[in-house]
Amino acid sequence: MGTSGGYRMLLRRVINHLRRQEWTAIGIDFVIVVVGVFLAMQVTNWNAERAEQAHAGYLTGALQAEFEGIEAELTTSLDNITRYQAASRSLATALRDGDLPPDDAQVKDWVVNSINLGRQSPRSAVYLQMVSDGDLRLIKD
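Sequential numbering from 1381 applies to the sequence shown in our numbering.
Here's what the structure looks like:
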């Protein structure tokens, strides 16, 4: 029996109770309907909450993995920036003191490393998508 069959049966019972003026039975049928609707809504809410928690778990894992990759890239960038600063400092000191090394390769290396700033800092695609979708509220910790 499908859902519509259940409604028809309940409707027939209520109509029969009304014809016979069985108020207790009508009250019981009403309570059954109200409790059924309440339980259906509660189950729907529980399922939605469970799905949202699963999505939050997925997002947390994706953010963790992505941030670990970003951290590694930033560590490499910091090492490169330190090297660029050292090359710039060496070039500026040599130019200021008029003490350029006779080896042109060294000067060329200083110049190349002084102007090479590397890549732009990476961004988290997962985080940007979460902001766009309004999913930041899912992350509790």
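We treat Cβ as the ideally placed atom computed from N, Cα and C, and that holds for glycine.
The model shown is predicted, which means the values in this text are computed figures rather than measured ones.
Item: Between the C-alpha atoms of L1508 and D1515, what's the straight-line distance to the nearest angstrom?; Value: 10 Å
Item: In the DSSP assignment, the alpha helix (DSSP H) including G1478 goes from what residue to what residue?; Value: Per DSSP, G1478 belongs to no alpha helix (DSSP H) and is neither H nor E.
Item: Hey, out of Y1387, P1502, L1398 and Q1401, whose CA is closest to L1458's CA?; Value: P1502
Item: Is it the case that the segment 1425 to 1435 contacts the segment 1480 to 1492, given that we only count it when at least three CB pairs across the two stretches are under 8 Å?; Value: no
Item: Between S1468 and the rest of its own chain, which residues show a CB-CB distance below 7 Å, the 5 nearest in sequence each way excluded?; Value: S1494
Item: Cutting at 7 Å between CB atoms, please list the residues of its own chain near T1440, excluding the five before and the five after it.; Value: I1519
Item: Please confirm if the segment 1406 to 1426 is in contact with the segment 1385 to 1397, defined as three or more CB-CB distances below 8 Å between the two stretches.; Value: yes
Item: Which residues in the same chain as F1447 place their Cβ atom closer than 8 Å to its Cβ, once the five residues preceding and following it in sequence are excluded?; Value: S1504
Item: Determine the DSSP secondary structure at A1402, reduced to helix, strand or coil.; Value: Sequence check: residue 1402 is Glu here, not Ala. In the structure shown, E1402 sits in coil (DSSP, three-state: anything other than H, G, I, E or B).
Item: Measuring alpha carbon to alpha carbon, tell me which residue in A1442, Q1500 and F1418 is nearest N1460.; Value: Q1500
Item: Alpha helix (DSSP H) containing S1504: first to last residue?; Value: From DSSP, S1504 is part of no alpha helix (DSSP H); its letter is neither H nor E.
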